[in-house]
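Protein chains in written order, with the working numbering: chain A, 1 to 233; chain B, 1001 to 1343; chain C, 2001 to 2291. Worksheet for the structure shown next.
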Amino acid sequence: MLLEVERVASFYGGFQALFEVSVQVAEGETVAIIGANGAGKSTLLKTVVGLMARTTGTVVFDGRPLGGVPTHRRLGMGIVMVPEGRRIFPSLTVEENLQVGAHQARAGPWNVGRVLELLPALADKRRRPGTRLSGGEQQMLAIGRALMGNPRLLLLDEVSLGLAPIVVRRIYEAMPEIISSGATVVLVEQDVGQALRAADRVYCLLEGRVALQGRSAGLTRQQLSDAYFGMRA
Amino acid sequence: MSGPGVRTSATAPAGPALRVQRATIASRVGLVGGLLAVAVLAAGPLWALDSALRTLIGFFTLLALAQMWNLLAGYAGLVSIGQQAYVGLGAYGLLYLADTRGLNLFLSVLVAGLVGALVAVPTAVLAFRLRGGYFAIGTWVIAEVYRLIISNVSQLGGGSGLTLRAASQFDRTARLFATYELALAVGVGAVVLTYVLLRRRLGLALTAIRDAETSAQSLGVHVYRTKFLVYLVAAFGCSVTGAVIYLNLLRIQPEAAFSVNWTAFMIFIVVIGGVGTIEGPIIGTIVFFVLQETLSRYGAWYLVLLGAVAVLVTLLARRGLWGLVADRTGWSLFPVQRRLEER
Amino acid sequence: MTWLNDVVQGLLLGGLYALFATGLSLMFGVMRLVNLAHGDLSIVAAFIALAIVDAVPVNPLWTVLVVVPLMFGVGYLLQRGLLNFTLRGADPLPPVLVTFGLSIILQNLLLESFSADSQGLDAGRIEDASIRLSDRLAIGWFPLLTLLVAIGVLVGLQLVISRTRLGRAFRATSDDPQAARLMGIDNRHLFAVATGIALATVAVAGLFLGIRTTFTPSVGPTRLIFAFEAVIIGGLGSLWGTLLGGLVLGVAQTLGAQLSPGWGVLAGHLVFLAVLAFRPAGLLGKPVPAQ
């Protein structure tokens, strides 16, 4: 297993967002995390990159427990996240946003040239401030910036949020090349159909707990909607 | 702290069995003890030596200044390093009103406070354009502006200052007793004023601002107006106190009256005693006086120690000595929070 | 013609103020920290130079080789060991209280170590040499050197910020510290580097101040105030603004002192207040939306 999340609980101050969540991701796999608003999907990703101040349980990456490893060190180990809301740096140009992604990166296949080949929409805007792009382009930039970190584990948080379907399709068209470059992908998606198409396996969270998991192909609509909305027979 | 704060009341099940309660046992004991202490202190001229009265004048005036700084920084988040402006304006207001205008000496003390509050209006308009650390330096610069302007007014003695002449119409003992009672009044008054303000709507508004400024704004709390009001109150308090201080010292000189040390002492007292609590400045002033009596002969080392203690308390015990006491005992002598209690 | 001379002298003085302001501007830009001990640290640097000159007979200008790296180290350790702990959470009190406490500590440590006497650094002939342009207009070599060094430091810093990996990290962290951590940027280290650079620049300023005029352990706060005024006059977040702010402040003080000897510093304060009243974002700052 590349990533093993073992009975993890996470808290925002006094509020508990995750309860005993366990998730396993094998190298080379693409895994989707789905669930309603507030189910704890983003919190799970934040826990994996070390942004949650209070957590219990263990997160093991490639056999190494991550307890006590600060966020900025996890990037050097190959754990890279595309944060929700893109979080493009406004003072930096498109190219500088990409370069900052390589600030502490391990060696690997990605560089500015190759990222711009994958995401050609950004190529002729490289000197523009990063926030003077359309929403879809900003999302591509956020993904490109993460690739510059040469991820072994790429965490994508809500990449399709607020984007037109055609733009979402273009973003997901880049996935096969990202995966073939050696990245294992965990994606959080609101759009269940999109998640099922993109992922090998799915975890569905409900109120901070894993309500359902399985291979994308093997889950029925009924199972999914029960887990999603919390209806139990 | 004495039980849950305001916010929990929204989530608690509302019912006839609950009532909003603010008094605690500690606060009732504190009230009786406090009234007794004030009565004994008010009778000070009957039992205390003149030298003790002079020390107590210093104590009460510093307590008043510290309480005003606590109101600013601890409750409104306004970290001013320019409160010496109001000490100086109060002193010079007294000098001008009593000596040049011939106003009654003791009435002048009060009017000097109003002068300070008046000057605080344009000061706040300008200083409130700055935030955090820059607000701190901005208030300091404005205090310097007042010092430099007054240093250039020859009628007020210019840079070398003047002695308050109106005071010489009273004999020494009468003046000392009167100044003592005034000092006691500003010391107690500052505590009571802070307590009353915090128990009123202003207290709720300030708590909301302290917890989350943006959401307080969206709930209809006028953040700017609330902070402005607190700034004016603190300016009034510091100006009246400044006037009382110089009614005792008599010799007024701009370098000393507008010295940043006034604010430095307020900060040390409040931080060590406990910022954001009414008890903190009282404890802090006592500790400050004890330290000063025992350590001031070490000169600069004493100030190094004070600075180091303030730094350590800020980082390690955010709510000061009183915070440590309150966390262990749950005491609250001045309950300004509302608690829900079963009837 | 005297007013022209005053303006020129004011610009030269402003160079020194810009040098003092650079570090304050940098620290605020990177981590929104206002260091109230900024002025005192420059005086610490001047006293270190004094101690070196007392021990080894060299021109104080050479001490820059020791004082600047030393103050960089002091800044790095100060940030990592103390100031970083004031930046956790959104509470505005700890940074102000801790750096104010530090200011008091430094002033009194200097007082104990060097007494309250006025001190000066003697740089020899360069202090008196000047270029005479006319009967009434002369440019001193040393003030000119100060201004050129200030411009050099600002240009250098601007290049670092706009062109290098470190500068990108500074800007990214300033924009969004949490997203920067996700890029592998260690904020604690980066903040410490920023404070190191800030103290290196303020060390140069303290050294030039010590050569230009006498100093005592208690003059730090005045330096802090002038640096702050230069930053606000120029506008937050703009190093060129900081240079302009320093120059404006220097000219205001020199012209004010010509009107009446007691009005120099006050004239500078009044220009600062006027900027705050009529152009709160500063001369070159981006206007901020009303709160």
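Every residue gets a Cβ at the ideal spot worked out from N, C-alpha and C, and that includes glycine.
- Nearest in C-alpha terms to A/ARG201, of all of A/MET81, A/ARG209, A/GLY208, A/VAL192, is A/VAL192.
- Taking the CA atoms as reference points, B/GLY1088 sits about 28 Å from B/VAL1223.
- For the pair C/GLY2140 and C/ILE2131, the Cα-to-Cα distance works out to about 6 Å.
- The beta carbon of A/GLU20 is closer than 6 Å to those of ARG7 in its chain, skipping five residues each way along the sequence.
- CA-to-CA, the gap between C/THR2216 and C/PHE2114 works out to about 9 Å.
- For C/PRO2069, no chain B residue has a C-beta closer than 8 Å to its own C-beta; the minimum C-beta separation is roughly 26 Å.
- The alpha-carbon of B/LEU1291 is positioned some 13 Å away from that of B/ALA1310.
- Residue pairing by DSSP places A/GLN16 opposite A/PHE11 in a beta bridge.
- Taking a contact to require three or more Cβ pairs closer than 8 Å, the stretch 1031-1049 of chain B and the stretch 1165-1172 of chain B do not qualify as touching.
- Distance from the CA of B/ILE1252 to the CA of B/GLY1158, rounded to the nearest whole angstrom, comes to 11 Å.
- Between A/GLY230 and A/GLU207, the C-beta spacing is below 8 Å.
- By the neighbour-count criterion, in which 16 or more other beta carbons inside 10 Å mark a residue as buried, B/GLU1144 falls on the buried side.
- Residue range 209-215 is occupied by the beta strand (DSSP E) that includes A/GLN213.
- B/GLY1187 and C/ASP2122 have their C-alpha atoms spaced approximately 51 Å apart.
- Annotation for A/LEU153: the continuous beta strand (DSSP E) segment containing it runs 153-157.
- For the options B/LEU1315, B/ARG1328, B/THR1139, B/THR1061, the alpha carbon positioned closest to that of C/LEU2097 is the one of B/LEU1315.
- For the stretch 89-103 of chain A, the set of positions with a beta-carbon nearer than 9 Å to some beta-carbon of chain C reads PHE89, PRO90, SER91, LEU92, GLU96, ASN97, GLN99, VAL100, GLY101, ALA102, HIS103 in chain order.
- Within chain C, not a single residue places a beta-carbon under 8 Å from that of A/VAL48; the smallest gap is close to 11 Å.
- In terms of beta-carbon proximity, C/MET2183 lines the interface with chain A, with at least one pair separated by less than 8 Å.
- The alpha carbon of B/ILE1150 has as its nearest neighbour, out of B/GLY1093, B/ALA1174, B/LEU1176, the alpha carbon of B/GLY1093.
- With three or more CB-CB distances shorter than 8 Å, the stretch 129-144 of chain A counts as touching the stretch 160-168 of chain A.
- Of all residues in the stretch 2259-2272 of chain C, only SER2260, GLY2262, TRP2263, VAL2265, LEU2266, HIS2269, LEU2270, PHE2272 place a beta-carbon less than 9 Å from a beta-carbon of chain B.
- Inclusion of A/GLY76 and A/GLN104 in the CB contact set at 8 Å is warranted, their separation being smaller than that value.
- For the options B/ALA1085, B/VAL1111, B/THR1100, the alpha carbon positioned closest to that of B/THR1123 is the one of B/ALA1085.
- Cβ atoms of B/VAL1304 and C/ASN2108 come within 8 Å of each other, at about 5 Å.
- Rounded to the nearest angstrom, the Cβ distance from B/ILE1137 to C/PHE2170 is 23 Å, too far for a contact under 8 Å.
- The alpha-carbon of C/GLY2237 is positioned some 9 Å away from that of C/VAL2030.
- In chain order, ALA2169, THR2173 place their CB closer than 6 Å to the CB of C/LEU2190, counting only its own chain and leaving out the 5 sequence neighbours on each side.
- Rounded to whole angstroms, the separation of the alpha carbons of C/THR2099 and A/THR55 is 33 Å.
- Neighbourhood of B/THR1226 in chain C, by CB distance below 8 Å: empty, with the nearest CB roughly 14 Å away.
- In the three-state DSSP reduction, B/VAL1153 falls in the coil class, being neither helix nor strand.
- Neighbours of C/ARG2165 in chain A, taken as residues at a C-beta separation under 8 Å, are given in chain order as GLN99, HIS103.
- With a 10 Å radius around the Cβ and a threshold of 16 neighbouring Cβ atoms, A/GLU189 comes out buried.
- Taking 8 Å as the threshold, the shortest C-beta distance from C/PRO2143 to chain B does not fall below it.
- Taking 7 Å as the Cβ-Cβ cut-off, the stretch 1113-1128 of chain B approaches chain C at LEU1126, given in chain order.
- Excluding five sequence positions before and after B/LEU1184, the CB atoms of its chain that fall closer than 7 Å to its own CB belong to LEU1041, ALA1042, PHE1060, given in chain order.
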